[in-house]
Each structure stands twice: as C-alpha cells, then as structure tokens.
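Please read the structure below before turning to the comments.
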Amino acid sequence: GQNIDQPTEMTATEGAIVQINCTYQTSGFNGLFWYQQHAGEAPTFLSYNVLDGLEEKGRFSSFLSRSKGYSYLLLKELQMKDSASYLCAVAYSGGYQKVTFGTGTKLQVIP
Amino acid sequence: DTEVTQTPKHLVMGMTNKKSLKCEQHMGHRAMYWYKQKAKKPPELMFVYSYEKLSINESVPSRFSPECPNSSLLNLHLHALQPEDSALYLCASSHGLAGGPGNEQFFGPGTRLTVL
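Residue numbers (the numbering used here), protein chains in the order written: chain Y, 1 to 111; chain D, 1001 to 1116.
What follows is the structure, given as structure tokens:
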C-alpha cells in the first residue's frame, strides 16, 4: 500500500508564510498533487510535481524530492481565506494509475 | 465549462431503499472517479472509469454499483446500505488517468448521504 504522512493541524498568522510537509512511501511513483479543501466543500487542485524541485504558482509553491519521498507546500502572504485543509495526494502505477490522498493538514489562519 | 456537477446535494435513505447518485462533466475528460469521504478524513477511492469502462474497483461492497452510461455521466447506485455508509460521496474527473501533468482531478461538490 501507500503511506502518506502530513501534520494534522497547523496555525499561522495572516500575512505570514507557512510550510506544510508531506512524506510518502510508494512504489511506481508518478507524481504528487496538492489540493485545498474548505470545510464542507470539494477539494480543488493547487499544484503538481513529478520532477525534483520547486514549482511556483503565485502565492503558492510546491517542492518535491523524490529520493527523500518528501514534498512541501509553501503558502506566502497568508490570507484568512487560506484557512482550509491541504491534502497531499500521490499518484502511482499499479496496473492502472491511482491516486492516494494523505490525511490532510488543517490550517488555521489567525489575525 | 470546467465544472463537475453532482445530484442530489443531500440524500437521506433507509437501509432498504434503492437510490442513485449522479455526476456529470462536459470537459471531455475520459477518466471519472467515485470517492467516499468521512468527516475529518481524506477522500477514499472507490471506483475509476476510463473511457467508460470500469478500470478500478477498490474492493467496494456490492451494495454500491457504479455505472457509466456515456463519457459525460457517472452514476452510483445504492442498495441496502448500512448506517456506516453515511459520508460525503465525491465524483471527480480528469483528462486521463491520474498521474502526469494535466491529469489533475476536478471534483464535484459531493452528495452528503445519511443512511438511517
């Protein structure tokens, strides 16, 4: 099976920077996704990494190290609306390609 | 149109009822998914359809029966459910099977199911 770990909860201040980590163990790695999910809503896509390095997209950046089985999502200039759960999801090949979601990190942004 | 729609939004059913959840997308995506999500847990994959054929069944009990009538529609037929099946059921679609750039999943708003 796939093993994906994220911190359960984090708190950060409005305007600050926060880094949400994700570690994984998988065979047939085929990319890592980050999704945002507000309470009671569906997940929405934030970023995708398949090669090592940093992908930047506005206030959000995502980093991947395949050799370490490690990724992080960096959120800059935090806004109150960034309070949500952030899900790390690993794509892997097992006959057919699948995606397994991590348990998610609930981020609370405080004034 | 970059939306995945799901109906109904809420559903309450008894253990002897038969009901169906519906999902629709018009993005030309060829992969569609059903997930189950319990409170404070991540989405759990149930079924994957690729080109209207069932590709993955994650050992889901037979009281859940998926159907893909065409490339835009995905149904989940429910029969003789148990109270522990109460959850948010999410439908998603992607251009191709998950993995690879451009294959991120687009999620519908979900159906919140309560089984009494």
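All C-beta atoms, glycine included, are put in the ideal place defined by N, C-alpha and C. The model shown is predicted, which means the values in this text are computed figures rather than measured ones.
Work out the CA separation of D1085 (chain D) and W1034 (chain D) for me, nearest whole Å.
For the purposes of this step, residue 1034 (chain D) is taken as the residue at position 34 of the second sequence. For the purposes of this step, residue 1085 (chain D) is taken as the residue at position 85 of the second sequence. Distance from the CA atom of W1034 (chain D) to the CA atom of D1085 (chain D), rounded to whole angstroms, is 14 angstroms.
Where do the N-terminal and C-terminal ends of the beta strand (DSSP E) with N1057 (chain D) fall, by residue?
Translated into positions along the second sequence, residue 1057 (chain D) becomes position 57. Its beta strand (DSSP E) spans residues K1053 to N1057.
Let me see if you follow: with CB-CB separation under 9 angstroms, is L1090 (chain D) close to chain Y or not?
Residue 1090 (chain D) sits at position 90 when you count from the first residue of the second sequence. With 9 angstroms as the cut-off, L1090 (chain D) counts as an interface residue toward chain Y.
Shorter than 9 angstroms from the beta carbon of P43 (chain Y) to some beta carbon of chain D?
Counted from its first residue, the first sequence places residue 43 (chain Y) at position 43. The Cβ of P43 (chain Y) sits closer than 9 angstroms to at least one Cβ of chain D.
So what does I17 (chain Y) bridge to, in DSSP terms?
For this step, residue 17 (chain Y) is matched to residue 17 along the first sequence. DSSP lists no beta-bridge partner residue for I17 (chain Y).
May I have a chain-ordered list of the beta strand (DSSP E) segments no shorter than 3 residues that lie completely inside the region 85-109 of chain Y?
Complete beta strand (DSSP E) runs here, min 3: 96-101.
Which listed residue (Y:M10, Y:Q2 and Y:N3) has its alpha carbon closest to that of L113 (chain Y)
Residue 113 (chain Y) is absent from the model: chain Y starts at 1 and stops at 111.
Residue range of the unbroken beta strand (DSSP E) whose run includes G28 (chain Y):
Within the first sequence, numbered from 1, the residue matching residue 28 (chain Y) stands at position 28. Counting along the chain, G28 (chain Y) sits inside no beta strand (DSSP E), nor does DSSP assign it H or E at all.
With a threshold of 16 other CB atoms inside 10 Å of the CB of Q6 (chain Y), please say whether the residue is buried or exposed.
The residue labelled residue 6 (chain Y) in the question sits at position 6 within the first sequence. Counting Cβ neighbours within 10 Å, Q6 (chain Y) comes out buried, since at least 16 surround it.
For K98 (chain Y), collect the residues of the same chain with a Cβ closer than 8 angstroms to its Cβ; drop the 5 residues on either side in sequence, then sort them by chain order.
Within the first sequence, residue 98 (chain Y) is the residue found at index 98, counting from 1. If we look at K98 (chain Y) and ignore the five residues flanking it on each side, its Cβ neighbours are A91 and Y92.
Which partner residues does T1088 (chain D) have in the DSSP bridge list?
Taking the second sequence and counting its residues from 1, one reaches residue 1088 (chain D) at position 88. It should be pointed out that residue 1088 (chain D) corresponds to Leu in this sequence rather than to Thr. The partner list for L1088 (chain D) (beta bridge, DSSP) reads D:Q1037 and D:R1112.
State the start and end residues of the unbroken beta strand (DSSP E) segment that holds E77 (chain Y).
Translated into positions along the first sequence, residue 77 (chain Y) becomes position 77. Segment: none, E77 (chain Y) is in no beta strand (DSSP E) and carries neither H nor E.
Using a Cβ-Cβ cutoff of less than 8 angstroms, which residues in the same chain neighbour T13 (chain Y) once the five nearest sequence positions on both sides are dropped?
Against the first sequence, residue 13 (chain Y) aligns to sequence position 13. These residues qualify, in order along the chain: L78, V109, I110 and P111.
In angstroms with no decimal places, state the Cα-to-Cα distance between Q19 (chain Y) and G1102 (chain D).
Position 19 of the first sequence, counting from 1, holds the residue named residue 19 (chain Y). Position 102 of the second sequence, counting from 1, holds the residue named residue 1102 (chain D). Cα-Cα distance, rounded: 25 angstroms.
Any idea which residues DSSP pairs V1048 (chain D) with across the strands?
Taking the second sequence and counting its residues from 1, the one referred to as residue 1048 (chain D) is at position 48. Beta-bridge pairing links V1048 (chain D) to D:Y1033 and D:I1056.
Give me, in chain order, the residues of the same chain whose beta-carbon lies closer than 6 angstroms to that of Y70 (chain Y); leave out the 5 immediate sequence neighbours on both sides.
Your numbering for residue 70 (chain Y) matches position 70 in the first sequence. Beyond the five residues adjoining it in sequence on each side, Y70 (chain Y) comes within less than 6 angstroms, by CB distance, of T23 in the same chain, given in chain order.
Coil, strand or helix - P1083 (chain D) by DSSP
Within the second sequence, residue 1083 (chain D) is the residue found at index 83, counting from 1. Under the three-state reduction of DSSP, P1083 (chain D) is assigned to helix.
G1110 (chain D) and Q1006 (chain D) look like a contact to me (Cβ under 8 angstroms); what is the Cβ gap, rounded to whole Å?
Here residue 1110 (chain D) is taken as the residue at index 110 of the second sequence, counted from 1. Here residue 1006 (chain D) is taken as the residue at index 6 of the second sequence, counted from 1. About 6 angstroms separates the beta carbons of G1110 (chain D) and Q1006 (chain D), which is inside the 8 angstroms limit, making them a contact pair.
Please name the residue, chosen from Y:S27, Y:N21 and Y:T103, that lies closest to P75 (chain Y) on a Cα-to-Cα basis.
Position 75 of the first sequence, counted from the first residue, corresponds to residue 75 (chain Y). One point to set straight first is that residue 75 (chain Y) is Leu, not Pro, in the sequence displayed. Nearest C-alpha to L75 (chain Y): Y:N21.
Element boundaries [beta strand (DSSP E), containing N49 (chain Y)]:
Walking along the first sequence from the start, residue 49 (chain Y) turns up at place 49. Counting along the chain, the beta strand (DSSP E) containing N49 (chain Y) begins and ends at T44 to N49.
Go to K1019 (chain D), then tell me how far its beta strand (DSSP E) extends in each direction, as first and last residue.
As a working note, residue 1019 (chain D) is residue 19 in the second sequence. In this chain, the beta strand (DSSP E) harbouring K1019 (chain D) covers K1018 to Q1025.
Alpha carbon to alpha carbon, how far is E1104 (chain D) from V1127 (chain D)? Give it in angstroms, no decimals.
Look at the range of chain D in this structure, 1001 to 1116, and you will see that residue 1127 (chain D) is not part of it.
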